[in-house]
Each structure stands twice: as structure tokens, then as C-alpha cells.
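A short worksheet on the structure shown next.
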Amino acid sequence: MQTTVLIPARDEGPRIGGTVALVRRELPGAHVLVVDGGSADDTRSRAEAAGAEVIVQRGTGYAGALLTGYARLIDSPAQRVVQLDADGQHPPEAARRLLAALGDHHIVMASRHRTGTGGAWARRIGNHALSCLVAALTGTRLHDVTSGFWAFDRVALAALLRHLPRDAADANVRVLALRLGLRPVEVPVTMVERTGGRSMHDGWRGIRNFATSVHRTLEAARVEARSEQAGH
11 MQTTVLIPAR DEGPRIGGTV ALVRRELPGA HVLVVDGGSA DDTRSRAEAA
61 GAEVIVQRGT GYAGALLTGY ARLIDSPAQR VVQLDADGQH PPEAARRLLA
111 ALGDHHIVMA SRHRTGTGGA WARRIGNHAL SCLVAALTGT RLHDVTSGFW
161 AFDRVALAAL LRHLPRDAAD ANVRVLALRL GLRPVEVPVT MVERTGGRSM
211 HDGWRGIRNF ATSVHRTLEA ARVEARSEQA GH
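Just so we're aligned, residue 11 is where the sequence shown starts under the numbering used here, counting upward by one.
Right under this line is the structure:
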């Protein structure tokens, strides 16, 4: 069964080579696909040197990188996809646990809940608030709604490619997965801090991204509600 590891990356030159090497060590035989979001550094060459296929992102933003990868994978032999960040926060050795949980669920999401690795204060507070928002919108509680470390099958791949908004935030994906009946489940995973560079979740930048996530999640819910009303 073909597994592809999808890694969105932008200006991760100092880290991407090590991340790809770890993935290939932990998941031998897996195809590694890096989506380069217009890096100004040597991200692409380092990823290729480590053995990854690299494609250039179409569109902008994190969701744009994901959708570029999904569009490439839907026409590939990949039956299972692992998605993780390029910056070293997501331990590739945990990917096997996520893949093992696929079967009854179409999406398995790594969760920092109860692992003591919630990250910066802004991320912890924002994640809790977003978790409550997702629960209010769907009736289901997921504890870590900002983790980008997932495994999913082709059913989920096709659904995400078709329905994921190009400006989606992490919490949108949870709401979407629940409403599409993809039965997402969380698996506890201990994560680490970035090995360098600046995280999008640090300090005031994290607060700004939290506000953006809330806005986009609520807007997506309003759009869906209007669509349902129009269909009646």
C-alpha cells in the first residue's frame, strides 16, 4: 500500500533536509512530496538532495500549499497520506502510529493533549478556544485543533481536495472533516519546539493567527449554513 508523506515548506532550508531524512528512515519505501511555497532560500535543493520530490505551490497560504499537494496526490498511486510540517516539530517516528489508526477512521490527527507539549502560551490558549468553537459548531470535541500532523486515506484526500477553502485555517479542517463524516480521531503525540527560525504561533503573531482562525472558521460555518438554507 503506497504511502506518501506531504510536507509544506517555505524558507525551511536549515531544517528540511533533516526532516526528509528522518521521514525516509522511519517510513522506508514512502514517497516524500515537498510543496515549496516560494522559498527565498535553498529549501528546494536541500529537500531534493535528501530524496524528496519537490513541487511549487499554486496559490498562497498554508491551505494553498496543502491543496497543491492534494491535487498532485489524487492522480498518484498513494493510498495513504501523512502530512507533517517541515520545521522538525512533528516527529516522523510517530507517523507509524497515525497510520496504524487508519481503518475505522478516514483521518487520524496527532494531538498534543495531555502530552505536556502544548507549545507557546498563545498557542495553548488559542487552541483551547478554537477547540471549544469547533465543539460548538459540530457537537464533537477535538482537543488539538491546530496540529498539522495528520494521516488520511484516499476518501479523505478526495473530500479535502473538493471542499477545503483556499483560505482555510486548521480549525476549518476539523469542522469540515466532521461534517463530511470522515470520522477524525486524535492520537496523543509528543511534539517538540522548532529547531530554528520563527513559529507562526509565537507571541502576538500567534494571537493574530488565532483571530484569523476564528474568523475563517465562523465564516465557513456561515457559508455552509446559507448553502443549506438555499437547498431547502
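Glycine included, every Cβ here is placed at the ideal spot set by N, Cα and C.
Got a sec, what are the start and stop residues for the beta strand (DSSP E) residue i sits in?
{"i": "Thr14", "result": "13 to 19"}
{"i": "Gly37", "result": "Looking at the sequence shown, residue 37 is not Gly but Leu. Neither: Leu37 is in no beta strand (DSSP E) and is coded neither H nor E."}
Which of the three DSSP states is assigned to residue i in this structure?
{"i": "Glu58", "result": "helix"}
{"i": "Pro102", "result": "helix"}
{"i": "Glu22", "result": "coil"}
{"i": "Ser141", "result": "helix"}
{"i": "Ala187", "result": "helix"}
{"i": "His123", "result": "coil"}
{"i": "His153", "result": "coil"}
{"i": "His116", "result": "coil"}
{"i": "Leu202", "result": "Note that residue 202 is Val in the sequence shown, not Leu. Looking at Val202 - three-state DSSP - the assignment turns out to be coil, as it is neither helix nor strand."}
{"i": "Ala166", "result": "helix"}
{"i": "Ala243", "result": "In the structure as shown, the chain starts at 11 and stops at 242, and residue 243 therefore has no counterpart that could be examined."}
{"i": "Asp180", "result": "helix"}
{"i": "Ala88", "result": "coil"}
Using alpha carbons as the reference points, say which of the options lies closest to residue i.
{"i": "Ala105", "options": "Asn182, Arg176, Leu37, Arg184", "result": "Leu37"}
{"i": "Leu170", "options": "Val44, Leu77, Ala60, Gly158", "result": "Leu77"}
{"i": "Leu192", "options": "Pro175, Ala181, Asp163", "result": "Asp163"}
{"i": "Val92", "options": "Asn182, Asp21, Val44", "result": "Val44"}
{"i": "Thr14", "options": "Pro87, Arg54, Val155, Arg68", "result": "Pro87"}
{"i": "Leu167", "options": "Leu143, Val118, Asp154", "result": "Val118"}
{"i": "Val30", "options": "Leu152, Cys142, His100", "result": "His100"}
{"i": "Gly27", "options": "Ala57, Val155, Ala181", "result": "Ala57"}
{"i": "Ala139", "options": "Arg172, Ala81, Asp180", "result": "Asp180"}
{"i": "Arg107", "options": "Val202, Leu152, Ala161", "result": "Ala161"}
Since residue i and residue j should fall inside the 8 Å C-beta cutoff, what is the C-beta to C-beta distance between them, to a whole number of angstroms?
{"i": "Pro18", "j": "Gly48", "result": "Going by Cβ atoms, the distance from Pro18 to Gly48 rounds to 11 Å, so no, they are not a contact pair."}
{"i": "Leu16", "j": "Gly113", "result": "Not quite, the Cβ-Cβ distance comes to about 20 Å (not below 8 Å), so this is no contact."}
{"i": "Ala120", "j": "Phe159", "result": "4 Å"}
{"i": "Arg82", "j": "Leu109", "result": "About 20 Å separates the two Cβ atoms, so there is no contact after all."}
Please list the terminal residues of the continuous alpha helix (DSSP H) segment that includes residue i.
{"i": "Ala96", "result": "Ala96 -> no alpha helix (DSSP H), and no H or E assigned at all."}
Touch test, the segment 173 to 186 against the segment 56 to 75, Cβ-Cβ under 8 Å, three pairs minimum: yes
Touch test, the segment 147 to 156 against the segment 184 to 203, Cβ-Cβ under 8 Å, three pairs minimum: yes
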